[in-house]
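Participant: Quick one: this structure, given as structure tokens, is what I'll be asking you about.
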């Protein structure tokens, strides 16, 4: 005779261990919409897209700064065409350092774009982000150092130094100084963008 009581059966489902490689679990929607990526993956992808855009902007700023300084020159006639005063970037070692530094940062930003694209495709990958953070910090320091050194030279060229009898250079070579000043502003903007990139990378590397 069968028992009137319902027989209860229980199935023990073993707990799945979290993947040690850092892969986030998938979230299945209850409305039958299929598998959705976890929220953390979406946020990290947005950070990676912002990182890529900022790199393009910084690359444009450093390229413009290097090209502007490299083409900055002005010639002043003196009595005849055989005696002329000419100002070029290679007359001042600081400007040579400035142009080379911005060219190096531009080359680095070009090479970093594929890694930034990898971070967009694989937002949870940490190795390319760590590499970018290390080199981004070095390039940000180089950019800001070059811009700061050149800014001090340009300030001296605009205002001179009465204590050492240094006359304002830019009173005669106004166009040259204006071009270099614009390049310094562009380089400072690039350094600021690289700092923002470092901040984005720091938030992206957070596990939560």
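In the numbering used here, the protein residues as written are 22 to 229. Idealized CB from N, CA, C, for every residue including glycine.
1. DSSP three-state label for residue 108, please.
2. Count the other CB atoms within 10 Å of the CB of residue 50; is the residue buried (16 or more) or exposed (fewer)?
3. Nearest-angstrom Cα distance between residue 135 and residue 167?
4. Where do the ends of the alpha helix (DSSP H) carrying residue 185 lie?
5. Tell me where the alpha helix (DSSP H) around residue 199 begins and ends.
6. Assuming residue 210 and residue 82 form a contact by the criterion Cβ under 8 Å, report the distance between their Cβ atoms to the nearest whole angstrom.
7. Please name the residue in 73, 188, 92 whose C-alpha comes closest to that of residue 200.
8. Sort out for me which residues DSSP pairs residue 94 with in a bridge.
9. Is the Cβ-Cβ distance between residue 178 and residue 198 less than 8 Å?
10. What would DSSP say about residue 168, mapped onto helix, strand or coil?
11. Whole alpha helix (DSSP H) runs in the segment 113-176 with 4 or more residues, listed along the chain?
12. Among the candidates 207, 225, 194, 206, whose CA atom is the shortest distance from the CA of residue 109?
13. Taking C-alpha atoms, which residue in 84, 143, 77, 111 lies nearest to residue 63?
14. Applying the 10 Å Cβ sphere with the 16-neighbour rule, what's the burial state of residue 185?
15. Under 8 Å by Cβ, that's how I've got residue 69 and residue 137 pegged, so tell me the actual separation to the nearest angstrom.
16. Here's a check: name, in chain order, each residue in its chain whose Cβ is nearer than 7 Å to the Cβ of residue 80, leaving out the five neighbours to either side.
17. Does residue 152 pass the burial test, meaning 16 or more other C-beta atoms within 10 Å, or should it be called exposed?
18. Would you kindly check if the distance between the Cβ of residue 122 and the Cβ of residue 164 is under 8 Å?
19. Report yes if the C-beta distance between residue 141 and residue 227 is below 8 Å; otherwise report no.
20. Less than 8 Å between the CB atoms is what I'm expecting for residue 208 and residue 157, so what's the real figure, rounded?
21. May I have the straight-line CA-CA distance separating residue 146 from residue 215, to the nearest angstrom?
Facilitator: In brief:
1. Position 87 of the chain shown, counting from 1, holds the residue named residue 108. In the structure shown, residue 108 sits in a strand (DSSP, three-state: E or B).
2. Here residue 50 refers to the residue found at position 29 of the chain shown. Note on residue 50: pLDDT 45, under 50, position unreliable in the model; the coordinate value appears next. Residue 50 comes out exposed.
3. Counting from one through the chain shown, the residue named residue 135 turns up at place 114. Counting from one through the chain shown, the residue named residue 167 turns up at place 146. Taking the straight line joining both Cα atoms gives about 26 Å.
4. If you number the chain shown from 1, residue 185 lands on position 164. Note, residue 185: premise wrong, no alpha helix (DSSP H); not H, not E.
5. Reading the chain shown from its first residue, position 178 is the one you call residue 199. Residue 199 -> alpha helix (DSSP H) spans 195-225.
6. Start at 1 with the first residue of the chain shown, and residue 210 comes out as number 189. Start at 1 with the first residue of the chain shown, and residue 82 comes out as number 61. Confirmed, about 5 Å.
7. The sequence position of residue 200 within the chain shown is 179, counting from 1. Closest by alpha carbon: 92.
8. As a position in the chain shown, residue 94 is number 73, starting the count at 1. DSSP lists 109 as partners of residue 94.
9. Here residue 178 corresponds to residue number 157 of the chain shown, with the count starting at 1. Here residue 198 corresponds to residue number 177 of the chain shown, with the count starting at 1. Yes; because the gap between Cβ atoms is below 8 Å, this pair is in contact.
10. By one-based count along the chain shown, residue 168 stands at place 147. Note: residue 168 maps to helix in three-state DSSP.
11. Within the segment 113-176, the complete alpha helix (DSSP H) runs of at least 4 residues are 114-142.
12. Counting from one through the chain shown, the residue named residue 109 turns up at place 88. That would be 194, whose Cα lies nearest to the Cα of residue 109.
13. Sequence index remark: in the chain shown, residue 63 carries index 42 (1-based). Here the closest residue by C-alpha is 143.
14. The residue given as residue 185 occupies position 164 in the chain shown. Classification of residue 185: exposed, given that the 10 Å Cβ count is below 16.
15. Translated into the one-based positions of the chain shown, residue 69 becomes position 48. Translated into the one-based positions of the chain shown, residue 137 becomes position 116. Yes, they are in contact, since the Cβ atoms of residue 69 and residue 137 sit about 7 Å apart, within 8 Å.
16. Numbered from 1 along the chain shown, position 59 holds the residue referred to as residue 80. For residue 80, where only same-chain residues beyond five positions count, the Cβ hits under 7 Å are 127, 130, 131.
17. Start at 1 with the first residue of the chain shown, and residue 152 comes out as number 131. Looking at its Cβ environment, which holds fewer than 16 other Cβ atoms inside 10 Å, residue 152 is exposed.
18. Within the chain shown, residue 164 is the residue found at index 143, counting from 1. Within the chain shown, residue 122 is the residue found at index 101, counting from 1. Result yes, Cβ atoms of residue 164 and residue 122 sit closer than 8 Å.
19. By 1-based counting over the chain shown, the position of residue 141 is 120. By 1-based counting over the chain shown, the position of residue 227 is 206. No, Cβ-Cβ distance for residue 141 and residue 227 is not below 8 Å.
20. To locate residue 208, count along the chain shown from 1; it is residue 187. To locate residue 157, count along the chain shown from 1; it is residue 136. With 8 Å as the limit, residue 208 and residue 157 do not qualify as a contact, their Cβ atoms being about 16 Å apart.
21. Working through the chain shown from its first residue, we reach residue 146 at position 125. Working through the chain shown from its first residue, we reach residue 215 at position 194. Spanning the two alpha carbons is a distance of roughly 21 Å.
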